[in-house]
Amino acid sequence: MKLLILLIFLPYISNTIAQSPYLQNQNVPVTHNSSLISNPWAGGMNSMQFSAIDLDYDGVDDLFCFDRTCNKIMTYINEGTAGNTDYRYAPEYETKFPNVFDWVLLVDYNGDGYQDIFTYHPGGITCYRNSGNISTGLQFVSAEGLSIYGLMNSYQAPNNTNIVVTSADIPAIVDVDNDGDIDILTFGQYGSQIEYHKNLSMEMYGIPDSLKYERKNRCWGQFIESASTNDVFLDSCSPWITNVPIPESAKDPFGHGGQTLTERSNRHSGSTVLALDLTGEGVKELLLGDIAFSNIVALYNGGTVVNDDSPMISKDVSFPSYDVPSDIWLFPGMFYVDINNDGARDLILSPNMYNQAEDIHSVWLYRNDGNDSVPDFNLIQEDFLQDDMIDVGIVSKPVFFDYNNDGLVDLFIGNVGAYDRSSNTYITSISQYKNIGSITAPAYELITNDYEALSSTGFSVGLHPTFGDLNGDNKKDMIVGDADGKIHLLQNIAPTGNDADFVLSVANYPNDTGGVIDVGYDAAPFLVDLDRDGDQDLIIGNKNGNITYYKNIGNAFTPSFTKISSNWGGVNVKTIYDSYGYATPTVVDNDGNYELYVGCNQGSIFHYDNIEGNLTGTFNLIDSLEFNINSGLRSCPAIMDLNNDTVPDIINGNYRGGLAFYSSIDTIGISVSEIVIKDFTIYPNPASNMLTVRFDFPINNVTYSILDVSGKIVASGTLNNTINSIDISDLSNGYYAFRVSRVTGVMVTPVLVIKK
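To convert, count from 1 in the sequence shown and add 5; that's my numbering.
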């Protein structure tokens, strides 16, 4: 049995960080329905794209995942065996990729065995070459042969110009003609028919290492997709397209099929394309997804010999009609990856939409029970990877509260909602996780995804809870903010000592003058005694990126909130790249001094001090990327010491609806004063029996030590080579600090050891 001891590391540690550096902690167990889930803190998934890639260059394909709703990369190490699926979330590889947007496909275009990146770029496609190896680790550089604008071009008579792919589309990037280089199939500018851009690398150079394209066909497959539906008209390009080579200038740019030119030019934008061999005849069939539909249309190639036209002669409009047809809401994207390590690529479907689409069961996995030549797809799961993580839909908002008075802090998660197809709305709720661990080792168990049945209260979506005693009965009450900018009071009516029990007391809670408290949109409240006068004050973040401060001018038994400032402390977390800020504040008492942490739309955490005694002044911004944490769009930090080590832990929410858990590096016995910029590389990490340490310059007589979680040295030695191998077979599963001592200072990096 594989031990699920999972800790992921901060890739870069700098002595410029004033606070203890933080790292992602996968070692906090979470239970769903009495079973441990394997990757609870992976962060959620909504509209996903998938590709295979060997992340650690061990010869086994791992998994690259991309959520287009927030352009978030997620990486998984493949620890499965033949016929078995086992993926471990490994975010340490995510920062190795360049910034990518809207759609990403990983394909080995130069035949070196390493997958390269094809992704959207304004105007079309750009490409990054995989330049890494087992010694250097994962690396990418801009591919050779791109235009000065970074675009992939194709000769489209009479000009050599960019291959147009919209941000809403996903093309097929595959060897169409089986000559060894990678071609491109994509819907053209008018969105009704497929263009075939042939890679000429083999013809020109005899090797598949270049990105030299020529558009060979404007209506590849000889079909037209309807302008108003996702139906397909077969044999609709003749007489312009035949099996006889015809100059491109003679081919109809719009095709045929009974539609007028005006109808065809009004074709809606948004199509996904997957090209694969469905019949074993050596030619490519097509799977098509469409922006307004949940089904997939399969087109079957009538040829047996590869040619430029490849006429599609039949269709399956409910693919796979022989099993459970696709009904992925909305706009299915299709991906062809061997998930269970049996040598036959499987089919994954996920919405290609930014919103108003399925987000809880949004990754459909069809196992290929056939082979790559004649696949046989059978639906086995509608929540692949999602079932092994915390995922509450769209936008997760974690908050701590000990609801059962056992001294262990429990976890509550608000959300914007989970999409409900039947009503075309988001169902908003609060999830409840009980802390079933200990004072030094938290562990969480899902109790309900609809705490106190708040989904049926009629509140606006976007529930954001906060807890505090508002009536002096020594029991914490709950205030909930919503997307309309209002807050609502729920009173704790449970007998003293019993589990909390909340009932709605006041909807649309008023201020001291009787007017409704309203911060505009997306109220994110937080209760705290800011002026330390014994009663709870109220701060509320909002969509614009500001915080409103309401002072409690009542008392501990009868609150009365008066607005002091709608721009408290001068806080504004909206950046120049954001239309909105989505401020989500939390206040931490640091040895008698309040400090403010604020999540925001672009995903980082803002940190402010100079709050104590300065409640009406301007706060000091310490950092806008606190602890180097960014879990993706719409960060929402909950901060508290959860393991009694005197250093706060962070559970961070995000747009994808999941959570990331961060712990201080102090927990592995590293003194912050020792940390300097690291000038060596360790791999593999996680490691099993051997560890390699590589320097980019000659070294001699450099000492190292390995420390366990208590700070005890468990191994030490001397390094004398640029590349050094260290036997760690005697180390137990767990995480360690690897410390190198040089004349320039002491350098430390975390190392995870997992024995298989």
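Note that the Cβ used here is the ideal one computed from N, Cα and C, for glycine as well. What you are looking at is a predicted structure, and each value in this text was computed from that prediction instead of being measured.
Subject >> Cβ-Cβ distance between arginine 372 and asparagine 345 below 8 Å >> reply: yes
**OP:** Return yes when the Cβ of tyrosine 709 is within less than 8 Å of the Cβ of valine 745, no when it is not.
**Re:** Taking a C-beta distance under 8 Å as the contact criterion, valine 745 and tyrosine 709 qualify as a contact pair.
Original post:
Is it true that the CB of valine 466 sits closer than 8 Å to the CB of valine 421?
Top reply: yes
**OP:** Look at the Cβ atom of leucine 724, then the Cβ atom of isoleucine 704, and state whether they are nearer than 8 Å.
**Re:** yes
Original post:
Does the beta-carbon of arginine 426 have 16 or more other beta-carbons within 10 angstroms, so that it is buried, or is it exposed?
Top reply: Counting C-beta atoms within 10 angstroms of its own C-beta, arginine 426 has fewer than 16 neighbours from the protein chains shown and is therefore classed as exposed.
Original post:
Does the beta-carbon of aspartate 3 have 16 or more other beta-carbons within 10 angstroms, so that it is buried, or is it exposed?
Top reply: The structure shown does not extend to residue 3, since the chain is modelled only from 6 through 761, so no value can be given for it.
**OP:** Can you grab the Cα-Cα spacing for the pair tyrosine 98 / asparagine 690, in whole Å?
**Re:** 10 Å
**OP:** Buried or exposed for asparagine 44, please, with buried defined as at least 16 other CB atoms from any protein chain shown within 10 angstroms of its CB.
**Re:** buried
Original post:
Roughly how many angstroms separate the alpha carbons of tyrosine 201 and lysine 217, rounded to a whole number?
Top reply: 13 Å
**OP:** Report yes if the C-beta distance between isoleucine 175 and threonine 277 is below 8 Å; otherwise report no.
**Re:** yes
Subject >> glutamate 84 - DSSP class collapsed to helix/strand/coil >> reply: coil
Original post:
What beta strand (DSSP E) runs, 3 residues minimum, are completely inside the stretch 365-418?
Top reply: 369-373, 382-386 and 399-406
**OP:** Evaluate aspartate 538 with the Cβ neighbour count: other Cβ atoms within 10 Å of its Cβ, from every protein chain shown; 16 or more gives buried, anything less gives exposed.
**Re:** Aspartate 538 should be labelled exposed.
Original post:
Out of Leu416, Leu352 and Asn204, which has the shortest C-alpha to C-alpha gap to proline 642?
Top reply: Leu416
**OP:** Name, in chain order, the residues that DSSP records as bridge partners for serine 428.
**Re:** The partner list for serine 428 (beta bridge, DSSP) is empty, contrary to what the question assumes.
Original post:
Cα-Cα, which of Ile296, Leu292, Leu370 and Asn726 is closest to valine 342?
Top reply: Leu370
Subject >> Beta-carbon spacing of leucine 495, leucine 509 below 8 Å >> reply: yes
Original post:
What are the boundary residues of the beta strand (DSSP E) that includes serine 152?
Top reply: Run containing serine 152: none; DSSP gives neither H nor E here.
Subject >> Cα-Cα separation between asparagine 547 and glycine 486, rounded to whole angstroms >> reply: 10 Å
Original post:
cysteine 224: which of Leu205, Leu190, Lys101 and Ile212 sits nearest, CA to CA?
Top reply: Leu190
Subject >> Continuous beta strand (DSSP E) stretch holding glutamate 600: start and end >> reply: 598-604
Original post:
Near leucine 151, what residues of its chain come up, given a Cβ to Cβ distance below 7 Å and the 5 sequence neighbours on each side ignored?
Top reply: Thr131, Cys132 and Met157
Original post:
Taking asparagine 606 as the reference, which of Ser461, Leu638 and Val311 has the closest Cα?
Top reply: Leu638
Original post:
What number of angstroms, rounded off, separates the C-alpha of valine 112 from the C-alpha of tyrosine 305?
Top reply: 24 Å
Subject >> Closest Cα partner of arginine 220 within the set Ser636, Gly586 and Asn165 >> reply: Asn165
Subject >> phenylalanine 743 versus aspartate 61: straight-line alpha-carbon distance, rounded >> reply: 19 Å
Original post:
Can you tell me whether DSSP reads glycine 142 as helix, strand or coil?
Top reply: strand
Original post:
Where does asparagine 572 sit, in a helix, a strand or coil, going by DSSP?
Top reply: coil
Original post:
Is valine 169 closer than 8 Å to glycine 4 when the C-beta atoms are compared?
Top reply: Since the displayed the chain opens at 6 and closes at 761, residue 4 lies outside it and no answer follows.
Subject >> Close Cβ partners of glutamate 450 (< 7 Å) along its chain, the five nearest in sequence each way excluded >> reply: Thr36, Tyr438, Lys439 and Ile441
Original post:
What's the gap between the Cα of proline 447 and the Cα of leucine 647?
Top reply: 6 Å
Original post:
Leaving out the 5 sequence neighbours to the left and right, which residues in its chain are closer than 6 Å to glutamate 230 when beta-carbon positions are compared?
Top reply: Ser197 and Val237
Original post:
Secondary structure at alanine 362, three-state DSSP: helix, strand or coil?
Top reply: coil
**OP:** Below 8 Å CB to CB, which residues in the same chain sit around aspartate 474 once its five sequence neighbours on both sides are set aside?
**Re:** Here the set comprises Lys480, Lys481, Asp482, Gln541 and Ala561.
Subject >> Paired residues, beta bridge with phenylalanine 632 - DSSP >> reply: Note: phenylalanine 632 sits in no beta bridge, so no partner.
Original post:
By how many angstroms is the C-alpha of threonine 727 removed from the C-alpha of isoleucine 212?
Top reply: 34 Å
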